[in-house]
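Colleague: Per this note's numbering: the sequence shown ends with 478, consecutive numbering throughout.
All C-beta atoms, glycine included, are put in the ideal place defined by N, C-alpha and C.
To start, I am sharing the structure in question, which I have written as structure tokens.
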Amino acid sequence: MHEYPVGGKPPMMTHIFKNESGETIIAAKGAPEAILKRSNLSVTDLKKVEEQTLSYAKQGYRLLGVGKGIWKEEKYPKSQEEFVFEFLGLIAFQDPPKPNIAQTIKTFYDAGISVKMITGDYAETSIAIAQQIKLNNSDKVLTGGEVLHLTPEELKQKVKEVNIFARMFPEAKLKVIEALKENGEVVAMTGDGVNDAPALKAAHIGIAMGKRGSEVAKNAASLILTDDDLGHMTDAVALGRKIYDNLKKAIQYIVSIHIPIILIVTVPLLFSWKFTDIFSPVHVIFLELIMGPTCSIIYENEPMEANTMLRSPRHISSTFLSVKQLRTSIVQGLVITTGCLSLGYYLMQHQQNETMVRTAIFITLLFCNIFLTFANRSFQYSIFKTLRYKNNLIPLIAGITILFILSLLYIPFIQQLFRLGPLSFSYLMICIAFAFVSTFWIEIFKLTSSQPFSKGEGQKPSALERI
Numbered sequence: 012m013h014e015y016p017v018g019g020k021p022p023m024m025t026h027i028f029k030n031e032s033g034e035t036i037i038a039a040k041g042a043p044e045a046i047l048k049r050s051n052l053s054v055t056d057l058k059k060v061e062e063q064t065l066s067y068a069k070q071g072y073r074l075l076g077v078g079k080g081i082w083k084e085e086k087y088p089k090s091q092e093e094f095v096f097e098f099l100g101l102i103a104f105q106d107p108p109k110p111n112i113a114q115t116i117k118t119f120y121d122a123g124i125s126v127k128m129i130t131g132d133y134a135e136t137s138i139a140i141a142q143q144i145k146l147n148n149s150d151k152v153l154t155g156g157e158v159l160h161l162t163p164e165e166l167k168q169k170v171k172e173v174n175i176f177a178r179m180f181p182e183a184k185l186k187v188i189e190a191l192k193e194n195g196e197v198v199a200m201t202g203d204g205v206n207d208a209p210a211l212k213a214a215h216i217g218i219a220m221g222k223r224g225s226e227v228a229k230n231a232a233s234l235i236l237t238d239d240d241l242g243h244m245t246d247a248v249a250l251g252r253k254i255y256d257n258l259k260k261a262i263q264y265i266v267s268i269h270i271p272i273i274l275i276v277t278v279p280l281l282f283s284w285k286f287t288d289i290f291s292p293v294h295v296i297f298l299e300l301i302m303g304p305t306c307s308i309i310y311e312n313e314p315m316e317a318n319t320m321l322r323s324p325r326h327i328s329s330t331f332l333s334v335k336q337l338r339t340s341i342v343q344g345l346v347i348t349t350g351c352l353s354l355g356y357y358l359m360q361h362q363q364n365e366t367m368v369r370t371a372i373f374i375t376l377l378f379c380n381i382f383l384t385f386a387n388r389s390f391q392y393s394i395f396k397t398l399r400y401k402n403n404l405i406p407l408i409a410g411i412t413i414l415f416i417l418s419l420l421y422i423p424f425i426q427q428l429f430r431l432g433p434l435s436f437s438y439l440m441i442c443i444a445f446a447f448v449s450t451f452w453i454e455i456f457k458l459t460s461s462q463p464f465s466k467g468e469g470q471k472p473s474a475l476e477r478i
């Protein structure tokens, strides 16, 4: 006949029915303390129920109080708080964590992501569940009422220390999210109910449950877990880090390989070499439009590196390429330039003709391109490890590049197009040696550097999990 929706702090809801004989039945359910607050129990009985409620909560049960309303008037009251309830009892639900949740949370911790529990349950229930899933700092709890009474500065400090937020309601959840954001955290919030919608909207990444989630929660969220499995969030983080790392490797490769292309054209002109026309437009166009993009797509197919989910996340304000990473790419490009031009200058000083000098420089640069592609597959692990990475594009692209180098050297039509000449086997080995030294010096720094070039630095963002 009538319904009072979920409301109050803590929440409850009431339905009014009429049976066949015309009797009015007022049924209420909700947080036990909400029902008890409006019940007609004696002080002794009230204490007994509270003790039993606490006992169930400490065992990890989720609890509902059930009451039967008493109302003699014809018109229903405006608020369900006006009813007096006959307390009927407690309903204890066993709602255990999913089997994989402890491992999922460990994966978050390993990845530098802190996890916080926001729930409407009893504090004792929350602590019991937190201990089962091995949540850090499971002995500290903050309730929704306490959250609202804290000043913004106090709450900003509390959210750093507390991982369990119990008896929460929409306003309190939203306040916790805002406090975390004020601390500079990147916040991902999961939820399924209507009362989660404000917090889902406020979080950097709102994540709704696909199966049990309400439409309101799904509409407020940025992402939806179709099978309600939090473990897929760790998969998403891993995939995101892999894509980010591979894109960074490709950009660093492109920066490194463009420096020698530019300098090999300009340095002979600036220093008035005997031969200034080393590269013509056809060489630059080939390197810019074919070799560079072709080799950079290799990085799209690179597997995730072993330590990807064991490092701290980037700070939200960090740039795509750090100064150190950009400096490394620039140094790589300058060393390659030095290697190519040194060989060309040596040949020029030993009375080799312009075609020979151009051929040696161009072939050396092409081999540098291949070797750089291998060297930049990781800025932490040596090439002996990265060679074991499975990437089907590596042999394909390297093979095509080598075939093209042979075509440049020994097919007359292509030689004429690029204004190159044949190289003897000994000169070809010299070109390869210069290319090898110019690119694989980075391997020494991988072994000696205590701070790997690609390791992220920054804060640990928060994943708020409502369990």
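Throw me the rounded Cβ distance for the F94 and I46 pair, which I believe falls under 8 Å.
Modeller: Incorrect: roughly 10 Å between the Cβ atoms, too far for contact.
Colleague: Terminal residues of the continuous beta strand (DSSP E) containing K145?
Modeller: Neither: K145 is in no beta strand (DSSP E) and is coded neither H nor E.
Colleague: Can you list, in chain order, the residues of its chain with a C-beta nearer than 8 Å to that of Y120? Leave out the 5 residues immediately preceding and following it.
Modeller: Within the same chain, Y120 has close Cβ partners V126 and N147.
Colleague: Compute the distance between the beta-carbons of V198 and I175, then report whether it is under 7 Å.
Modeller: No, these two residues do not count as a Cβ contact at 7 Å.
Colleague: For A213, which residues from the same chain have a beta carbon less than 7 Å from its beta carbon, with the 5 sequence-adjacent residues on both sides left out?
Modeller: Taken in chain order, the residues that qualify are L185, I188 and E189.
Colleague: Span of the beta strand (DSSP E) holding T201?
Modeller: Where T201 is concerned, the enclosing beta strand (DSSP E) stretches over V198 to G202.
Colleague: Below 6 Å CB to CB, which residues in the same chain sit around F28 once its five sequence neighbours on both sides are set aside?
Modeller: The residues are I36.
Colleague: I'd like the span of the beta strand (DSSP E) that includes Y15, first residue to last.
Modeller: H13 to G18 is the span of the beta strand (DSSP E), which, as asked, contains Y15.
Colleague: Within the chosen definition, does the stretch 328–343 reach the stretch 303–313 through at least 3 CB pairs nearer than 8 Å?
Modeller: In short, these stretches do not touch, since the Cβ pair count stays below three.
Colleague: Strictly by DSSP, which residues pair up with E97?
Modeller: Bridge partners of E97: K79.
Colleague: Just checking my contact of A210 with G202 at CB under 8 Å: how many whole Å lie between their CB atoms?
Modeller: At roughly 7 Å, the Cβ-Cβ gap stays under 8 Å, so A210 and G202 are in contact.
Colleague: In the DSSP assignment, find the unbroken alpha helix (DSSP H) run with K69 in it and report its ends.
Modeller: Looking at the DSSP string, the run of the alpha helix (DSSP H) that includes K69 is V54 to K69.
Colleague: Quick one: give me the first and last residue of the alpha helix (DSSP H) that A219 is part of.
Modeller: That residue, A219, is in no alpha helix (DSSP H); its beta strand (DSSP E) goes I216 to M220.
Colleague: D256: buried (16+ other C-beta within 10 angstroms of its C-beta) or exposed?
Modeller: D256 comes out buried.
Colleague: Return helix, strand or coil for K253, following the three-state DSSP convention.
Modeller: Helix.
Colleague: Short of 8 Å in beta carbon distance, which residues of its chain neighbour Y392, apart from the five on each side in sequence? Order them along the chain.
Modeller: Contacts found: E316, A317 and K457.
Colleague: Contact between the stretch 441–448 and the stretch 341–359 is defined here as three or more beta-carbon pairs at a separation below 8 Å; is this criterion met?
Modeller: Flag = yes, the stretch 441–448 and the stretch 341–359 touch.
Colleague: Thinking V346 and G355 are a contact (beta carbons under 8 Å), I'd like their distance in whole angstroms, please.
Modeller: No, V346 and G355 are not in contact; Cβ-Cβ is about 15 Å, not under 8 Å.
Colleague: Taking all protein chains shown into account, do 16 or more other C-beta atoms lie within 10 angstroms of the C-beta of V158, making it buried, or fewer, making it exposed?
Modeller: By the 10 Å Cβ count, V158 comes out buried.
Colleague: Under the rule that 16 or more other beta-carbon atoms within 10 Å means buried, what is V248, buried or exposed?
Modeller: When all chains shown are included, V248 counts as buried.
Colleague: Taking the DSSP output, what are the residues bridged to V152?
Modeller: I175.
Colleague: Residues in the same chain with beta-carbon distance under 7 Å from A409, minus the five sequence neighbours each way, listed in chain order, please.
Modeller: Counting only Cβ-Cβ distances below 7 Å, and skipping sequence neighbours, we find I381.
Colleague: I'd like to confirm the pairing. Which residues does DSSP put opposite I36 in its beta bridges?
Modeller: Bridge partners of I36: F28.
Colleague: Would you tell me roughly how many angstroms separate the C-alpha atoms of K89 and Y15, rounded to the nearest one?
Modeller: Their backbone Cα atoms lie some 9 Å apart in a straight line.
Colleague: Quick one, are the C-beta atoms of S233 and G204 less than 7 Å apart?
Modeller: Contact: no.
Colleague: Buried or exposed for L321, going by 16 or more other Cβ atoms inside 10 Å?
Modeller: Flag for L321 reads exposed.
Colleague: Would DSSP call G410 helix, strand or coil?
Modeller: It is helical.
Colleague: Within a Cβ cutoff of 8 Å, which residues of the same chain sit near M24, ignoring the five residues on either side of it in sequence?
Modeller: E14, Y15, P16, V17, G18, A39, K40, G41 and Q91.
Colleague: For a test of the three-state rule: what should DSSP assign to R338, helix, strand or coil?
Modeller: The answer is helix: DSSP assigns R338 an H, G or I state.
Colleague: Report the rounded CA-to-CA distance for R399 versus N387, giving the unit in angstroms.
Modeller: Going from the Cα of R399 to the Cα of N387 covers about 14 Å.
Colleague: DSSP three-state call for M302: helix, strand or coil?
Modeller: Helix at M302.
Colleague: Just how far apart, CA to CA, sit I112 and L241?
Modeller: If you take the alpha carbons of I112 and L241, they lie about 7 Å apart.
Colleague: Is the separation between the beta-carbon of I374 and that of F385 shorter than 7 Å?
Modeller: Cβ atoms of I374 and F385: not closer than 7 Å.
Colleague: Can you check DSSP and say which residues form a bridge with I235?
Modeller: Its beta-bridge partners are A219.
Colleague: Helix, strand or coil: which one does DSSP assign to L241?
Modeller: Coil at L241, not helix or strand.
Colleague: Let me know if L358 comes out buried or exposed under the rule of 16 or more other beta-carbons within 10 Å of its beta-carbon.
Modeller: By the neighbour-count rule (16 or more Cβ atoms within 10 Å), L358 is buried.
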